[in-house]
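Engineer: The structure that follows is given in the form of structure tokens.
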Amino acid sequence: MALLKKDRIVLTTPFGEREVQLWVGDITKLSVEDQVDMVFTSAFFGDYSPVNGTLIGSLLKNLGIRVRELAKNKELDMRERFSCWVSEPLQPGLPYKRLVCFEFKRYGDYEGDLLLAQLSDMFRAMMPIFNNHETTVITPLLATGCQGQSVHRVLRSMVDVACHWIKAGLPLKCLKLVLYSRNPNELSEKDELCIKFFKRLKSEWSRSEKENAVVSKSYDVCLSYTQKDQETANRVVSELKKQKKHMAIYSEIFTLNHEKAWQDEVYEVMRNSHRILVILTPDYVNDPDCVEQFNLALCCNRLKKEEVVMPFLFETVPNIPSYMSLVQYTMCKVRKENETAEALLEGACKNLIQSLSDVSTQAALDVSNSSSELNSSSTDLLQANKIKKYDVLISYSHRNREEPSKFFKILKEKYPDLNVFFDQSELKAGNLWQQALYEAVDKSSCIVAFLSDGYCKSGVCNDEFSIALARHFAQESMLLIPVHTDRVETIPRSLTSIPCVDVGQQEESLASLADKLEEMLKKNGSGTYQPPFSRVYKDKMAELRSGEFKTRFRMDRGQVEAKVPPAADAKVEGEVAFVYAQDCLKLAAILSVLLRKNAPDLVCQMVAENPSHRRALLETARMVVVIVSDQLVTSQPLVEELHSVLCRQRNIKDDTVVYLMQVQAVIF
Numbered sequence: 001m002a003l004l005k006k007d008r009i010v011l012t013t014p015f016g017e018r019e020v021q022l023w024v025g026d027i028t029k030l031s032v033e034d035q036v037d038m039v040f041t042s043a044f045f046g047d048y049s050p051v052n053g054t055l056i057g058s059l060l061k062n063l064g065i066r067v068r069e070l071a072k073n074k075e076l077d078m079r080e081r082f083s084c085w086v087s088e089p090l091q092p093g094l095p096y097k098r099l100v101c102f103e104f105k106r107y108g109d110y111e112g113d114l115l116l117a118q119l120s121d122m123f124r125a126m127m128p129i130f131n132n133h134e135t136t137v138i139t140p141l142l143a144t145g146c147q148g149q150s151v152h153r154v155l156r157s158m159v160d161v162a163c164h165w166i167k168a169g170l171p172l173k174c175l176k177l178v179l180y181s182r183n184p185n186e187l188s189e190k191d192e193l194c195i196k197f198f199k200r201l202k203s204e205w206s207r208s209e210k211e212n213a214v215v216s217k218s219y220d221v222c223l224s225y226t227q228k229d230q231e232t233a234n235r236v237v238s239e240l241k242k243q244k245k246h247m248a249i250y251s252e253i254f255t256l257n258h259e260k261a262w263q264d265e266v267y268e269v270m271r272n273s274h275r276i277l278v279i280l281t282p283d284y285v286n287d288p289d290c291v292e293q294f295n296l297a298l299c300c301n302r303l304k305k306e307e308v309v310m311p312f313l314f315e316t317v318p319n320i321p322s323y324m325s326l327v328q329y330t331m332c333k334v335r336k337e338n339e340t341a342e343a344l345l346e347g348a349c350k351n352l353i354q355s356l357s358d359v360s361t362q363a364a365l366d367v368s369n370s371s372s373e374l375n376s377s378s379t380d381l382l383q384a385n386k387i388k389k390y391d392v393l394i395s396y397s398h399r400n401r402e403e404p405s406k407f408f409k410i411l412k413e414k415y416p417d418l419n420v421f422f423d424q425s426e427l428k429a430g431n432l433w434q435q436a437l438y439e440a441v442d443k444s445s446c447i448v449a450f451l452s453d454g455y456c457k458s459g460v461c462n463d464e465f466s467i468a469l470a471r472h473f474a475q476e477s478m479l480l481i482p483v484h485t486d487r488v489e490t491i492p493r494s495l496t497s498i499p500c501v502d503v504g505q506q507e508e509s510l511a512s513l514a515d516k517l518e519e520m521l522k523k524n525g526s527g528t529y530q531p532p533f534s535r536v537y538k539d540k541m542a543e544l545r546s547g548e549f550k551t552r553f554r555m556d557r558g559q560v561e562a563k564v565p566p567a568a569d570a571k572v573e574g575e576v577a578f579v580y581a582q583d584c585l586k587l588a589a590i591l592s593v594l595l596r597k598n599a600p601d602l603v604c605q606m607v608a609e610n611p612s613h614r615r616a617l618l619e620t621a622r623m624v625v626v627i628v629s630d631q632l633v634t635s636q637p638l639v640e641e642l643h644s645v646l647c648r649q650r651n652i653k654d655d656t657v658v659y660l661m662q663v664q665a666v667i668f
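Heads up, the sequence shown is in the UniProt record's numbering, so the first residue is 1 and it goes up one at a time.
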């Protein structure tokens with residue numbers, strides 16, 4: 001027996017080409033050279049009998065894979081929500097890295113379309129199983145055995161569903177569909193008909209891709225807003241048209257189809273728009289349909305590898321979700337006496353139109369590289385960001401920007417060759433501002449922190465200072481210079497680890513500081529910064545952790561006991577969410593089991609059904625455990641989740657929500 005590839009459907013996505021392949025033969029005969037990440041099999045609930053003629057039986061007979069034994073030590077059990085579980089890594093030398101078993105209830109008790117229900121379970125499960133990691137899968141055709149489904153119907157259903165999910169962003173790099181045959185070299189008439197049918201499906205999808213490329217209308221801007229803000233939307237459209245008469249704008253209010261898991265009509269408009277303008281108000285945030293639109297817009301950000309979402313803030317939004325607040329908005333709300341709503345809107349629209357011009361210019365420069373960019377991986381955005389480094393970063397509070405602005409001007413006039421990060425010039429509307437800011441802090445040779453009352457009270461400014469301080473003590477070549485002006489009365493102890501430079505409010509003092517700074521940069525250089533995991537730093541942290549552990553716990557015959565046991569009536573409850581990459585799946589699963597064992601009322605949520613549910617979980621979970629690994633910091637979606645929960649933690653003053661774990665030295 002053998003396994004042969006007969007045909008393939010190639011889909012073009014912003015992350016490169018993806019394939020749905022048709023193979024004929026025995027799935028257990030896949031060569032190690034064609035190894036896939038996962039093999040899918042199915043069983044009735046709790047029944048892993050290696051029956052002859054079933055995949056479970058063939059796995060045991062041909063490869064020695066005992067599904068019953070794998071089931072005893074599952075790496076991830078998702079049967080309650082997704083009817084499946086994931087095995088631990090299989091032994092080396094096999095054609096699959098892991099096994100995923102779907103357990104379906106006896107179909108005699110099911111009312112409705114069993115095939116569609118099973119396919120729904122399968123593809124809903126892929127999103128959390130893959131966890132933003134590009135994955136290859138091999139699977140037999142479902143339900144063509146005991147359930148007696150038509151091979152043609154199953155093949156069409158699996159191909160169509162797979163292609164739709166791939167086009168919607170599922171990181172399924174290759175799906176190998178296997179039509180069982182004892183001898184793929186001598187095909188039966190039935191097998192030949194199936195292969196011809198696959199070719200027909202291939203033609204349909206090829207034609208569909210070409211039609212979509214031609215028919216889909218392109219927009220400069222599409223608007224996302226709630227019905228209650230219709231008047232505001234009209235004003236925005238009017239101003240945009242006033243400034244650019246022939247601008248293509250989609251301004252109809254989006255209507256979501258709640259019977260669909262994926263809003264393809266809304267997504268198509270957003271995908272074909274150069275900018276997605278969000279009219280951000282309290283009514284928008286409180287409208288579930290608008291929140292879903294925002295989530296779809298973020299999908300476009302990721303798929304296009306470009307920040308296309310541009311919120312216009314018209315009203316203060318209390319309790320805005322953390323992930324929404326991470327997107328840099330344009331202020332259209334009057335806050336000062338000399339401001340007018342008309343002027344703010346005019347400026348916001350002008351900046352948006354300018355950003356479209358910048359994109360057009362960049363596209364013209366990059367046209368020769370378009371094919372290579374299309375095939376780049378989803379980590380390219382992070383890799384591209386690593387290129388830019390700064391000689392100086394100016395850290396300050398926007399409430400006290402006079403001296404920092406003067407200092408920036410002096411630096412640019414006297415030393416134009418210095419690469420200076422000043423957020424007013426570097427951060428643009430639509431940027432993921434926290435990620436951009438923290439990465440800039442991490443890539444700067446010198447950080448000048450202007451301490452003021454606003455700075456001392458700002459959570460973001462304190463975070464910037466803490467990162468800079470850690471770098472300062474971990475690496476001698478990194479300079480941190482706190483600057484004291486007359487705009488601060490008292491400085492918190494947390495900001496006094498390094499002596500301050502007192503410049504008052506004199507421009508001469510700022511000029512002198514600029515000269516001294518340039519001299520120090522020449523002396524120290526501004527080479528590539530390495531992560532702050534020096535031996536001394538790590539030893540000190542280990543010493544602090546050890547001291548904290550000994551204060552709270554004791555070891556007794558290999559068992560850990562709390563010195564002060566929890567109160568008898570103490571009850572720990574709520575949801576625990578995990579942020580982790582595929583390389584830490586087992587660790588996350590172990591932590592989940594241990595937490596449930598020690599606190600039965602905790603609900604550990606390792607997975608979510610879709611990105612919208614995932615964002616909601618990270619926003620409401622009682623605790624969020626982030627397992628930092630090499631794979632996590634190179635995954636743009638996971639880095640966005642990390643920044644989202646850090647933003648949420650900053651806004652919570654009196655409780656700890658986010659718990660970080662480092663499993664190895666991460667190389668940035």
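Ideal Cβ positions, reconstructed from N, Cα and C, are used throughout, including at glycine.
Please read these numbers as outputs of a predicted model, since none were measured by experiment.
Under a Cβ-count criterion, where at least 16 other Cβ atoms within 10 Å of its own Cβ denotes burial, should Lys480 be classed as buried or exposed?
Structural biologist: The residue labelled residue 480 in the question sits at position 480 within the sequence shown. According to the sequence shown, residue 480 is Leu rather than Lys. Per the 10 Å Cβ criterion, buried.
Engineer: Give me the DSSP bridge partner(s) of Phe421.
Structural biologist: The count along the sequence shown starts at 1 and reaches residue 421 at position 421. DSSP lists Leu393 as partners of Phe421.
Engineer: Quick one: grab the DSSP three-state call for Val161.
Structural biologist: Position 161 of the sequence shown, counted from the first residue, corresponds to residue 161. Helix.
Engineer: At which residues does the beta strand (DSSP E) containing Gln605 begin and terminate?
Structural biologist: On the sequence shown, position 605 is the one that residue 605 refers to. 602-605 is the extent of the beta strand (DSSP E) around Gln605.
Engineer: Report the residue from Ser512, Leu517, Glu507, Arg471 whose alpha carbon sits nearest the alpha carbon of Ser497.
Structural biologist: Here the question's residue 497 lines up with position 497 in the sequence shown. Answer by Cα proximity: Arg471.
Engineer: Determine the closest residue to Phe45 out of Glu103, Thr135, Val278, with distance taken between C-alpha atoms.
Structural biologist: What you label residue 45 is simply residue 45 of the sequence shown in a count that begins at 1. Distance from the Cα of Phe45 is smallest, within the candidate group Glu103, Thr135, Val278, for Glu103.
Engineer: Using the Cα positions of Arg124 and Ile9, report the straight-line distance between them to the nearest angstrom.
Structural biologist: Within the sequence shown, numbered from 1, the residue matching residue 124 stands at position 124. Within the sequence shown, numbered from 1, the residue matching residue 9 stands at position 9. Computed Cα separation, rounded: 21 Å.
Engineer: Going by DSSP, name the residue or residues bridged to Lys5.
Structural biologist: Counted from its first residue, the sequence shown places residue 5 at position 5. Beta-bridge pairing links Lys5 to Trp23.
Engineer: So the beta strand (DSSP E) Val278 belongs to, where does it begin and stop?
Structural biologist: As a position in the sequence shown, residue 278 is number 278, starting the count at 1. Per DSSP, Val278 belongs to the beta strand (DSSP E) from 273-280.
Engineer: Could you tell me the boundaries of the alpha helix (DSSP H) in which Lys72 lies?
Structural biologist: Position 72 of the sequence shown, counting from 1, holds the residue named residue 72. Run containing Lys72: 67-72, per the alpha helix (DSSP H) assignment.
Engineer: Please state whether DSSP places Gln506 in a helix, a strand or coil.
Structural biologist: In the sequence shown, the residue the question calls residue 506 occupies position 506. If DSSP states are grouped into helix, strand and coil, Gln506 belongs with coil.
Engineer: Taking the alpha helix (DSSP H) that Ala616 belongs to, which residues open and close that run?
Structural biologist: Here residue 616 refers to the residue found at position 616 when the sequence shown is read from its first residue. Taken as a continuous stretch (DSSP letters only), the alpha helix (DSSP H) holding Ala616 covers 611-620.
Engineer: How close, in whole Å, do the beta carbons of Ser445 and Asp391 come, if the pair is a contact with beta carbons under 8 Å?
Structural biologist: On the sequence shown, residue 445 is found 445 positions in, with the first residue counted as 1. On the sequence shown, residue 391 is found 391 positions in, with the first residue counted as 1. Right, their Cβ atoms sit about 5 Å apart.
Engineer: From Glu239, Lys305, Glu413, pick the residue whose C-alpha is nearest to that of Cys349; which is it?
Structural biologist: To locate residue 349, count along the sequence shown from 1; it is residue 349. It is Glu239.
Engineer: Count the other CB atoms, across all protein chains shown, that sit within 10 Å of the CB of Ser494; report buried if there are 16 or more and exposed otherwise.
Structural biologist: On the sequence shown, position 494 is the one that residue 494 refers to. Under this definition Ser494 is an exposed residue.
Engineer: Is it right to say Leu544 is buried, meaning 16 or more other beta carbons lie within 10 angstroms of its own, or is it exposed?
Structural biologist: For the purposes of this step, residue 544 is identified with residue 544 of the sequence shown, where counting begins at 1. The residue in question, Leu544, is exposed, as its Cβ has fewer than 16 Cβ neighbours within 10 Å.
Engineer: Can the beta-carbon of Val285 be found closer than 9 Å to that of Val309?
Structural biologist: Against the sequence shown, residue 285 aligns to sequence position 285. Against the sequence shown, residue 309 aligns to sequence position 309. No, they are not a contact pair.
Engineer: Between which two residues does the beta strand (DSSP E) harbouring His484 extend?
Structural biologist: Working through the sequence shown from its first residue, we reach residue 484 at position 484. His484: member of the beta strand (DSSP E) spanning 479-484, first to last residue.
Engineer: Is Gln35 helix, strand or coil when you go by DSSP?
Structural biologist: Here residue 35 refers to the residue found at position 35 when the sequence shown is read from its first residue. Assigned with DSSP and collapsed to three states, Gln35 falls in coil, not helix or strand.
Engineer: For Val421 and Leu432, I'd like the C-alpha separation in whole angstroms.
Structural biologist: In the sequence shown, the residue the question calls residue 421 occupies position 421. In the sequence shown, the residue the question calls residue 432 occupies position 432. Looking at the sequence itself, residue 421 is Phe, so the reference to Val does not match. One C-alpha to the other measures close to 16 Å.
Engineer: Should the segment 630-644 be regarded as contacting the segment 586-599, the criterion being three or more beta carbon pairs within less than 8 Å?
Structural biologist: no
Engineer: Restricting to Cα atoms, I'd like to know which of Met270, Phe407, Gln243, Gln435 is closest to residue 686.
Structural biologist: Residue 686 lies beyond the range of the chain shown here (1 to 668); nothing can be said about it.
Engineer: Identify, in the order they occur along the chain, each residue of the same chain with its Cβ nearer than 8 Å to the Cβ of Glu111, setting aside the five sequence neighbours on each side.
Structural biologist: Taking the first residue of the sequence shown as position 1, residue 111 is located at position 111. Low per-residue confidence applies at Glu111: pLDDT is 43, beneath 50, and the placement is therefore not dependable enough to give any value.
Engineer: Ordered along the chain, which non-local residues of its own chain (more than five positions away) have a Cβ less than 7 Å from that of Ile87?
Structural biologist: Residue 87 sits at position 87 when you count from the first residue of the sequence shown. What sits at residue 87 in the sequence shown is Ser, not Ile. Within the same chain, Ser87 has close Cβ partners Leu70, Lys74, Glu75, Arg98, Leu99.
Engineer: So Ala581 and Ser635 are in contact, right, with Cβ under 8 Å, and what is the actual spacing, rounded?
Structural biologist: Walking along the sequence shown from the start, residue 581 turns up at place 581. Walking along the sequence shown from the start, residue 635 turns up at place 635. Between Ser635 and Ala581 the Cβ distance is about 6 Å, and since that is below 8 Å, they are a contact.
Engineer: Using the DSSP secondary-structure output, state which residues sit across from Lys176 in a beta bridge.
Structural biologist: Walking along the sequence shown from the start, residue 176 turns up at place 176. The partner list for Lys176 (beta bridge, DSSP) reads Gln21, Ile138.
Engineer: Just to confirm the assignment: which complete beta strand (DSSP E) runs, minimum length 3, are found wholly within the segment 200-248?
Structural biologist: 219-224
Engineer: Among residues of its own chain, excluding the 5 on either side of Cys500, which ones have a beta-carbon nearer than 6 Å to its beta-carbon?
Structural biologist: On the sequence shown, residue 500 is found 500 positions in, with the first residue counted as 1. Within the same chain, Cys500 has close Cβ partners Pro482, His484.
Engineer: Under a three-way DSSP split, which group does Ala43 fall into?
Structural biologist: For the purposes of this step, residue 43 is taken as residue 43 along the sequence shown, with counting starting at 1. Of the three classes helix, strand and coil, the one that applies to Ala43 here is strand, per DSSP.
Engineer: For the beta strand (DSSP E) that contains Val448, what are its first and last residues?
Structural biologist: Locating residue 448 in the sequence shown gives position 448, where the first residue counts as 1. First-last of the beta strand (DSSP E) with Val448: 444-451.
Engineer: Cys101 lies in the beta strand (DSSP E); which residues open and close that run?
Structural biologist: Residue 101 sits at position 101 when you count from the first residue of the sequence shown. 96-104 is the span of the beta strand (DSSP E), which, as asked, contains Cys101.
Engineer: Which value, in whole angstroms, describes the spacing of the CA atoms of Leu382 and Asp283?
Structural biologist: Stepping through the sequence shown from its first residue, residue 382 is reached at position 382. Stepping through the sequence shown from its first residue, residue 283 is reached at position 283. In this prediction, Leu382 scores a pLDDT of 40, lower than 50, which makes its location untrustworthy; the coordinate-derived value is nonetheless stated afterwards. Answer to the nearest angstrom: the Cα atoms are 34 Å apart.
Engineer: Between the beta-carbon of Cys84 and the beta-carbon of Ile129, is there less than 9 Å?
Structural biologist: Within the sequence shown, numbered from 1, the residue matching residue 84 stands at position 84. Within the sequence shown, numbered from 1, the residue matching residue 129 stands at position 129. Yes, the pair counts as a contact, with Cβ atoms nearer than the cut-off.
Engineer: In terms of residues, what are the limits of the beta strand (DSSP E) holding Glu575?
Structural biologist: In the sequence shown, counting from the first residue as 1, residue 575 sits at position 575. 574-579 is the span of the beta strand (DSSP E), which, as asked, contains Glu575.
Engineer: Just to confirm the assignment, what range does the beta strand (DSSP E) spanning Ile253 have?
Structural biologist: Taking the first residue of the sequence shown as position 1, residue 253 is located at position 253. Per DSSP, Ile253 belongs to no beta strand (DSSP E) and is neither H nor E.
Engineer: Apart from the five residues just before and just after Arg578, which ones in its own chain have a Cβ nearer than 6 Å to its Cβ?
Structural biologist: Residue numbering aside, residue 578 sits at position 578 when the sequence shown is read from its first letter. Before going on, a small fix: residue 578 reads as Phe here, not Arg. Closer than 6 Å at the Cβ level, and outside the excluded window around Phe578, lie Ala588, Met606, Val625.
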